[in-house]
Amino acid sequence: MNQSNPNFGTSGRSLPAEDERVIDLSSLFGLIWRGKWVLLAATMVAFFLGAFYVYRVAVPLYTAKAVVMLENREAQVLDLDSVMAGLGTDSATIYSEVEVLRSRNLLGKVVTALNLIEDPEFNSALREPSLRNKLSTRLGSLIGGDEGGQAGEDADESDARRTQDRLINTLLSKSQIRNLPQSLVFEIAVTTQTPEKSATIADTIARFYIQDQLDAKFEATEQATAWLTNRVSELQGELEGAEARVKAFNSSTDLVSEDALAALDRQIKDLRDRIQSTLMTRDEIRLRLERLTSAGTPAEKAAAVPSRMQLSQLLDQIDTPEGARAFDLRFQQILGQTRQELQRAETQLEALQDSETALSAQFERQSSDLIELQQLTREAEASRLLYEYFLSRLKETAAQQGVQQADSRILSQAQIPINPSEPRKSFILAISGIFGLLIGTTGLMLFEANNNTFRTAREVEIETQYQVMGQIPVLPARRRRDAIAYLAERPTSVSAEAIRNLRTSLLLSDVDHPPQVTMVTSSYPGDGKTTVSLALAQNLAGMGKRVLLIEGDIRRRIFSQYLGSEQTRGLVSVISGEAQFSDVVLHEQPPMGADVLMGEKTSINAADLFASARFAAFIAAIRQEYDHIVIDTPPALVVPDARVLAQNCDSILFVVKWNRTPRPHVTEALRMFESVNAPVSGIVLNQINPRGMRRYGYGKYGYGAYSGYGYARKYYNN
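Under our numbering, the first residue of the sequence shown is numbered 1, with each subsequent residue one higher.
As structure tokens, then:
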């Protein structure tokens with residue numbers, strides 16, 4: 001790079017916007033606004049598809065509702081306990097009754113009662129089979145063959161069961177049972193293709209539900225009656241047997257009672273008391289006898305006698321022979337009497353003990369008999385009570401037959417619906433419109449997310465971190481040579497103002513050292529860099545400056561298409577020394593107003609040519625003759641020429657085509673310039689389509705800070 005030029009000291013990088021990480025609601029609304037026609041089309045298509053379905057495809061369905069209520073009170077015709085208790089009102093019972101209403105058993109009765117097997121809506125076999133079903137049936141018959149006899153009968157029975165199951169499944173899918181909140185009320189809703197059919201089925205389900213409760217109670221009562229009858233017969237036999245055993249026992253034993261047994265017990269107690277008293281008397285007599293027999297002296301004998309008076313007088317006369325004989329005689333009498341008393345006491349004691357033993361044995365025997373009698377009596381009484389209870393319950397159960405009441409009642413029968421419940425036309429149309437809007441919005445967002453081009457200067461600056469120096473609209477010219485003529489003929493047009501904006505931004509990019517040599521490049525051909533180069537040179541020349549435009553893209557050489565010149569010698573001849581610069585330069589070439597140095601065909605490698613010392617000397621020489629030098633270079637991603645030329649330039653303008661140049665290409669090209677220490681000075685967003693800008697919601701941005709030129713140009717027309 002030319003070391004005398006300080007312009008590359010700072011690049012055209014710009015700081016990222018502070019809110020670039022924040023969701024830009026205005027961009028979102030802008031996306032929706034610019035895609036409004038797409039959204040409208042998607043919404044209308046979805047709306048018309050929904051309308052076609054509602055009015056042409058969908059079959060009208062009618063819903064009828066019957067209402068039943070679970071009774072928590074029951075009229076008592078008889079003050080008797082029911083065999084089958086009434087239903088409760090807890091949540092488990094309510095949920096159970098809902099399942100009863102949905103049960104296959106109940107719905108099977110409805111299918112049979114209404115003969116739904118003959119209804120094509122329920123029996124698909126009656127409908128016209130589709131081509132697929134026809135082929136499947138035909139293929140099955142060819143593969144399976146014919147079966148007869150018992151196998152055929154089994155197949156018919158199996159087919160009948162399957163048909164019944166299909167009918168029940170269809171009815172189940174067409175019915176809805178729900179419990180109304182905070183109530184004991186059930187709503188039975190049935191939806192079919194016919195209003196009358198829906199009402200009939202709903203009423204039939206309600207009726208069979210009530211009948212099912214009555215049948216369940218009647219069946220339970222019948223079963224209870226049969227069981228109670230058998231049980232009563234059994235209990236009657238048991239009672240008769242128990243009573244017979246009591247009677248037989250009474251006849252085989254002495255008649256005893258609790259009172260007689262108590263009297264006998266008292267006798268035993270009296271005997272025991274008398275035995276105890278007799279024992280004490282016997283012991284006293286025995287002790288007295290022992291004392292009498294052990295006495296030796298007359299004094300001891302007198303002392304051993306309880307009544308001393310009997311021997312005291314005789315004891316005083318003991319000294320005389322007659323007195324001694326009388327004392328001994330009396331003592332012997334007392335001793336004999338005592339022995340007799342002892343014998344009588346022992347005899348009495350033995351008799352009392354024998355009586356007590358006999359009475360105790362009798363008491364034990366009679367107690368055992370009484371206990372056995374009481375046991376037999378209790379068994380007979382228990383059998384009698386059980387027999388009487390079951391007999392009473394049998395009579396109550398028999399009385400309940402014919403007066404059973406259901407636990408539910410029908411609150412309202414189904415009314416024949418007038419208007420179809422399905423399809424819900426307004427709802428489907430609204431959903432279709434919303435769905436179309438969502439699909440359109442999603443498509444727009446996906447399209448926007450997959451877009452990797454640039455549509456605004458802000459997008460370019462956020463993505464590349466480089467400043468956008470100009471935003472140039474599409475020039476209204478069919479041919480390349482007409483583009484520059486248009487700018488010359490319409491100096492106040494929007495396009496011309498955009499070029500002036502670019503020129504001003506370029507010159508003010510470094511006020512102290514305005515760039516003198518400016519190269520214009522892009523990532524790939526077709527981005528409009530050559531048009532920008534010519535337009536910039538033309539605009540600089542319009543300021544009265546001496547401007548040289550060099551065709552640095554010598555591989556392509558399209559300046560002739562813009563200028564209509566057939567010049568065969570140019571830049572290569574000057575660098576190689578085969579021609580003088582003054583001989584080949586086109587002076588103030590119209591409609592440019594600037595000098596032009598054309599490119600020419602050569603076998604020399606362009607990159608080597610631009611990297612040569614002669615080219616650097618050439619640039620240094622023409623710097624002395626011109627105020628501004630603009631070089632149109634090849635695309636940066638195609639050949640390395642632009643990076644080589646950048647070493648001799650003061651500023652680099654990188655052209656990005658609006659809504660076309662891929663972002664990865666731009667960032668890769670910018671990275672390549674940074675890798676050779678030649679950062680881009682600024683970016684030009686080129687070939688902006690004004691209508692496209694408005695369609696994409698960016699029309700308010702215009703072309704940089706000069707967005708008002710399109711509106712205000714009428715005030716500046718010459």
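Using N, Cα and C, we set each Cβ at its ideal position, and we do this for glycine too.
Exposed is the label assigned to F427, since fewer than 16 other Cβ atoms lie within 10 Å of its Cβ. In the assembly as shown, S432 is a buried residue. Its beta-carbon has 16 or more other beta-carbons within 10 Å. Under the DSSP assignment, M280 falls outside any beta strand (DSSP E), being part of the alpha helix (DSSP H) whose first and last residues are 258 to 294. The alpha helix (DSSP H) runs of length 4 or more contained entirely in the region 462 to 493 are, from start to end of the chain, 480 to 489.
When DSSP states are grouped into helix, strand and coil, V638 belongs to the coil group. Between the alpha carbons of F454 and V59 lies a distance of about 51 Å. Note on R643: 16 or more other CB atoms within 10 angstroms of its CB, so buried under the neighbour-count rule. In the three-state reduction of the DSSP assignment, M445 falls in the helix class.
Minimum Cα-Cα distance from G470 among the listed residues E461, R344, R478 corresponds to E461.
Taking D641 as reference, the option from V67, E356, S560, Y524 with the minimal CA-CA separation is Y524. Burial is judged here by how many other beta carbons sit within 10 angstroms of a residue's own beta carbon; I550 has at least 16 and is buried.
Secondary-structure assignment with DSSP links G682 through a beta bridge to L653. A483 is the residue among Q340, E284, Q467, A483 whose C-alpha sits nearest the C-alpha of P590. In the three-state DSSP reduction, T163 falls in the helix class (H, G or I). Between E497 and D632, the alpha-carbon positions lie close to 21 Å from each other. F249 places its beta carbon 8 Å or farther from that of E364. Nearest to E422 by C-alpha distance, out of A537, Y53, A263, is Y53. A Cβ-Cβ distance of about 7 Å is found for the pair T464 and I683, placing them in contact under the 8 Å criterion. The Cβ-Cβ distance between V100 and L106 falls below 8 Å. Counting C-beta pairs with one atom in each stretch, the region 163 to 173 and the region 38 to 57 have fewer than three that are closer than 8 Å, which means they do not touch. DSSP places Q236 in the uninterrupted alpha helix (DSSP H) bounded by 195 to 252. Only residues of its own chain outside the window of five on either side were considered, and among them V67 have a CB closer than 6 Å to the CB of S412, listed in chain order. In the structure shown, Y524 falls within a coil segment according to DSSP collapsed to helix, strand and coil. The shortest CA-to-CA distance from A242 to any of L180, R104, E97, L386 is the one to L386. For N179, the enclosing beta strand (DSSP E) has its first and last residue at 175 to 179. S522 is the residue among S522, D156, L61, S509 whose C-alpha sits nearest the C-alpha of M672. In the assembly as shown, K657 is a buried residue. Its beta-carbon has 16 or more other beta-carbons within 10 Å. Per the Cβ contact rule, the region 337 to 347 is not in contact with the region 201 to 221 (fewer than 3 Cβ pairs under 8 Å). Rounded to whole angstroms, the separation of the alpha carbons of I117 and S158 is 15 Å. If you draw a straight line from the Cα of G552 to the Cα of P514, it is about 22 Å long. A contact is defined here as three or more CB-CB pairs under 8 Å, and the region 647 to 666 fails this definition with respect to the region 578 to 586.
The alpha carbon of R344 has as its nearest neighbour, out of Q405, D527, T278, S360, the alpha carbon of T278. Looking at the DSSP output, L586 sits in a beta bridge with V596. Within 10 angstroms of the beta-carbon of N501 lie 16 or more other beta-carbons, which makes it buried. DSSP places I334 within a helical segment (H, G or I) once states are collapsed to three.
DSSP places F186 inside the beta strand (DSSP E), whose first and last residues are 185 to 192.
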